[in-house]
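For reference, the structure discussed in these notes is given below.
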Amino acid sequence: MSEVIIIVAVAENYVIGNKGKIPWHISEDFQHFKEITMDFPCMMGDVTYESLPESFRPLPGRENVVLTFNKDYHPEGTTIFHDFEEALEYCKKKYDKVFITGGATIYRIGMPHADKLMITRVHKEYEGDVFFPQVKKEEWVEVEREDHHSDKEDVDFSFVTYVRKNN
Ligand SMILES: NC(=O)c1ccc[n+]([C@@H]2O[C@H](COP(=O)([O-])OP(=O)(O)OC[C@H]3O[C@@H](n4cnc5c(N)ncnc54)[C@H](OP(=O)(O)O)[C@@H]3O)[C@@H](O)[C@H]2O)c1
């Protein structure tokens, strides 16, 4: 059985993005994202794909599985799907681990399918227009936490892992 993992960075007020971008720059978190997801598929919406800097897309070393309803959209080097569940089945057949990498819409659809949440908790409130759903204590249990500080962004952050309670 493949493991389905949501990976996301979330501010204290649940903001994950603002005007199509992540509202902070924590290079340690980008590095962490790269290490964790390397060799595995990253499922994302077309808005998130387009928000990646051109030099980082497609994300190297990973199958970029991009969701869109637009039948004419097919950036080079991506695997396109028009249906979330079809995309998930495709990834699960091919890989031991599947990462759901955003954005807000795809996290919302992906949450009921996830076995694990790998959340970078950024310990500050940010202005934003897209949010991550609340992590309900009845459904998720924290199993790991690593605290860090970003000098550049001048903020504390933690890598927190949750697993589904009935796992
Ligand atoms: N903090 C983080 O870790 C993090 C991570 C990723 C993204 N983000 C942020 O999240 C924001 C983007 O989130 P978003 O909600 O606007 O966009 P998104 O989730 O990246 O993409 C949404 C798009 O996906 C397509 N889609 C949605 N449901 C689908 C389905 N069932 N089947 C096929 N395609 C489907 C639609 O595309 P069309 O309507 O175009 O066809 C929809 O507009 C940005 O600000 C980004 O920076 C933050």
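The working numbering applies: residue 16 is where the sequence shown begins, and numbers increase by one. Where a beta carbon is used, it is the ideal one built from N, C-alpha and C, also for glycine.
Cut-off 6 Å between Cβ atoms - residues of its own chain near residue i, not counting five sequence neighbours on either side
i	result
valine 19	Val113, His128, Ala129 and Asp130
Residue i and residue j closer than 9 Å at C-beta
i	j	result
isoleucine 59	threonine 116	The sequence given here places methionine at residue 59; isoleucine does not occur at that position. Taking 9 Å as the Cβ cut-off, methionine 59 and threonine 116 qualify as a contacting pair.
valine 191	cysteine 57	For the chain, the structure presents residues 16 to 182; residue 191 sits outside this window and is missing.
lysine 107	serine 17	yes
aspartate 111	leucine 82	no
arginine 72	tyrosine 64	yes
serine 66	glycine 92	no
serine 173	aspartate 166	no
glutamate 168	histidine 40	yes
DSSP state of residue i mapped onto helix, strand, coil
i	result
methionine 126	helix
lysine 152	coil
threonine 135	strand
Closest by C-alpha distance to residue i, when choosing among the options
i	options	result
glutamate 142	Asn85, Glu157 and Ile31	Ile31
lysine 152	Phe172, Arg179 and His163	Arg179
valine 175	Thr135, Glu168, Trp155 and Glu140	Thr135
valine 25	Glu140, Tyr177, His97 and Glu154	Glu140
alanine 119	Asp98, Phe146, His138 and Lys109	Phe146
glutamate 27	Val170, Asp144, Val137 and Tyr105	Val137
7 Å Cβ shell around residue i - same chain, five flanking residues per side excluded
i	result
arginine 123	Pro148
Q: Tell me the start and end of each unbroken alpha helix (DSSP H) in the stretch 42-94 that is at least 4 residues and wholly inside, in chain order.
A: Along the length of the stretch 42-94, whole alpha helix (DSSP H) runs at least 4 residues long occupy 42-52 and 61-66, reported in chain order.
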